[in-house]
Amino acid sequence: MPYDASRHGPDNRPPSAERMAAMLHHDNWYTMQRYENRTTWVLLALIAFLAVGPGLLRRLRVARPQLAARLVSRLPGYYALAAFCRRIGYVELGHLGFGLRMPALGATLVIVVFSAGMFIWSLVVKPWYRPSREWGSPPLAIRTAMIANALIPFLFALSMKVNVISFLTALSHERLQVYHQWMARLVLLLSVMHTIPFIWQPLHDAGYENLKAWWDSDAVTNWSGVAALAIMAWMVASSTRVFRNMSYEFFVIQHILSAVSFLGLYFWHTANGLNSWIWLWATVGIWGLATLLKWSRSAAASQYFVNMRASVEVGRAELGAGGGEVVRIALRTPVKWAPGSHVFVRFPTLAPLQSHPWTIVTLSSPSPHADSQLVLVARVRGGITRVLHSHVETHATDDEETLLRADDDDGEQGGKMRTSACLVPAIIDGPYGASSAVVQAFDEVVMLIGGMGITYALPTLMHLASARSIVTRHVSLVWTVRDAGAFVSEQKSG
-17 MPYDASRHGP DNRPPSAERM AAMLHHDNWY TMQRYENRTT WVLLALIAFL AVGPGLLRRL
43 RVARPQLAAR LVSRLPGYYA LAAFCRRIGY VELGHLGFGL RMPALGATLV IVVFSAGMFI
103 WSLVVKPWYR PSREWGSPPL AIRTAMIANA LIPFLFALSM KVNVISFLTA LSHERLQVYH
163 QWMARLVLLL SVMHTIPFIW QPLHDAGYEN LKAWWDSDAV TNWSGVAALA IMAWMVASST
223 RVFRNMSYEF FVIQHILSAV SFLGLYFWHT ANGLNSWIWL WATVGIWGLA TLLKWSRSAA
283 ASQYFVNMRA SVEVGRAELG AGGGEVVRIA LRTPVKWAPG SHVFVRFPTL APLQSHPWTI
343 VTLSSPSPHA DSQLVLVARV RGGITRVLHS HVETHATDDE ETLLRADDDD GEQGGKMRTS
403 ACLVPAIIDG PYGASSAVVQ AFDEVVMLIG GMGITYALPT LMHLASARSI VTRHVSLVWT
463 VRDAGAFVSE QKSG
């Protein structure tokens, strides 16, 4: 049937040659892949900048601290610029409400500038729509879809503990989580911008019946897109503190299942249009490789998941209001780590769904052929620390009391630390985290520590005391605790 400009609907389209001619120099549908390509290059350029600049300097401070110090001292204005960036970057912005918290000002500026650039780029290019739906998909819808599609591999990479971005930039996975969360929100908003033109233009052309006709003409693509959009909205909403604080274990499980479902529906929805599967298969590869490396490292660290037994000790300090309980975990592992690293530990017989992060308070063995003694310490509160406490109290194999002394504010002395211990099966995931050995490239180091934060400072101090080729000549440690009882508890845990 020949095209009739007075009618609307999917069965009344102009000839392909006419549509191609109309799209020429008007954001041609067939050239839309350039938005994916350019978005990818922008993100790769940002990663390259971080890798060559801050990332390389951080690695140099760990490997060659004296060389790093000399290079930095010769850069004109470096110290003033670094101080200014830290002064701006570390400003806390607080909560937005609805479980949302703004990151520090530095991260916020990066997120805002990048997101604004993507939105402006999407909107500044004209046209937004074709003369009518019959003349092709709305350009605004396709542009935003292409940009969102290019973000997907980076979104998944930022979510992984083992990821190529951390490897290149020397930024630990936990520092990248804020970019993962806000990139997910950006993808969601771009997806909404992709959806709205497909609804608005048929309605604007000829009302609801026209919209229904266009919907039914490609119902599979439309329904799979709506389902993927709904899952993405749920993942973003359930990632807020409101849901995470209800049950973190439930959040993790449903988040993984939701991500798998989203990716499957997204493959179905895009149907490799404009070569979109290139980015989706890249996502699968990034996710699969990261998962494989994570489980391989965990298997090696945990002696292939068998015969790994952690010695778990619970101590109770009985001195003043600050007296409390701490749990200390010790185990031997062939894995090596840097000072300031952390691991995730799972106790399959006690809490198989929980994987708790712990800062390592010891240094790894200097010998590449000897196992290392890995020690973890935390206060007993809720969650896994309370589960461990209850288990040790019930199944303790060793029980002793040690008299400890510390001066309190009134000059009185005395206090007891009662300890109980037993062996518990454990699985290690890690180590992770940027090395705190970077401080060895500075002349003077000042550490401000509160309470159990001493677990991060201890391995750093031990490294500075044992390292040979370092710049550091003076170290100041300011450790604040609630009272003398808390000090006894912390001292015993260390």
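For what it's worth, the numbering used here labels the leading residue of the sequence shown as -17, then goes sequentially.
Glycine included, every Cβ here is placed at the ideal spot set by N, Cα and C.
- Relative to L32, the option among N131, R52, F149 whose CA is nearest is F149.
- Between I410 and S284 a beta carbon distance of about 5 angstroms is seen, short of the 8 angstroms cut, so the two are scored as contacting.
- Unbroken beta strand (DSSP E) stretches of 3 residues or longer found wholly inside the stretch 74 to 101: 77 to 79, given in chain order.
- Listed in chain order, the non-local C-beta contacts of I129 below 7 angstroms within the same chain comprise Y17, T21, M100, S104, L172, local neighbours out to five positions each way being set aside.
- Apart from the 5 residues on each side of it in sequence, L49 sits with its Cβ closer than 7 angstroms to the Cβ of L42 in its chain, given in chain order.
- Residue burial is scored here from C-beta neighbours: Y190 has fewer than 16 other C-beta atoms within 10 angstroms and is therefore classed as exposed.
- Under the Cβ criterion (8 angstroms, minimum of three pairs), the stretch 242 to 250 counts as touching the stretch 202 to 212.
- Counting only residues of its own chain and dropping the five nearest sequence neighbours on each side, A166 has a CB closer than 8 angstroms to the CB of L137, M214, M217, V218, S221.
- Sorting L443, R291, A264, T376 by C-alpha distance to the C-alpha of T344 places L443 at the top.
- In this structure, P36 lies away from S199, with their beta-carbon atoms at least 9 angstroms apart.
- Contact between S346 and S354 holds: CB atoms are separated by about 4 angstroms, below the 8 angstroms threshold.
- Just so you know, the alpha carbons of G435 and P413 end up roughly 18 angstroms apart.
- The Cβ neighbour count for F180, taken over all protein chains shown within 10 Å, is at least 16; the residue is labelled buried.
- Under the DSSP assignment, E307 falls in the beta strand (DSSP E) whose first and last residues are 307 to 315.
- A152 is positioned such that its CB atom lies closer than 9 angstroms to that of A416.
- DSSP places D411 in the uninterrupted beta strand (DSSP E) bounded by 409 to 414.
- Under DSSP, W461 takes part in a beta bridge, and its partners are I431.
- Counting the other CB atoms within 10 Å of its CB gives L63 a total below 16, which places it among the exposed residues.
- Rounded to whole angstroms, the separation of the alpha carbons of A4 and P(-4) is 10 angstroms.
- The continuous alpha helix (DSSP H) containing A195 extends over residues 190 to 199.
- Going by C-alpha positions, V174 is about 35 angstroms away from V34.
- For I452, the three-state secondary structure derived from DSSP is coil.
- Taking C-beta separations shorter than 8 angstroms and ignoring five residues to either side along the sequence, the partners of L405 in its chain run R291, A292, S293, V294, T379, following chain order.
- Using a Cβ-Cβ distance cut-off of 8 angstroms, the stretch 44 to 59 and the stretch 156 to 170 are not in contact, since fewer than three pairs of beta carbons, one from each stretch, lie closer than that value.
- Contact check for M14 against R125 passes: the beta carbons are separated by less than 9 angstroms.
- In the three-state reduction of the DSSP assignment, V144 falls in the coil class, being assigned neither a helical nor a strand state.
- I342 is bridged by DSSP to L358.
- Bounds of the alpha helix (DSSP H) holding H373 are 365 to 377.
- Under the three-pair Cβ rule at 8 angstroms, the stretch 322 to 332 counts as touching the stretch 417 to 427.
- At least 9 angstroms separates the beta-carbon of L370 from that of V359.
- Sequence-distant Cβ neighbours of Y248 in its own chain, meaning closer than 6 angstroms and more than five residues away, are A210.
- About 5 angstroms separates the CB atoms of V169 and L133; that is less than 8 angstroms, so the two are in contact.
- For R69, the uninterrupted alpha helix (DSSP H) segment begins and ends at 60 to 71.
- For R56, there is no enclosing beta strand (DSSP E), as DSSP marks it with neither H nor E.
- According to DSSP, V327 shares a beta bridge with H338, I410.
- Looking at the backbone, the Cα of R56 and that of L39 are separated by about 14 angstroms.
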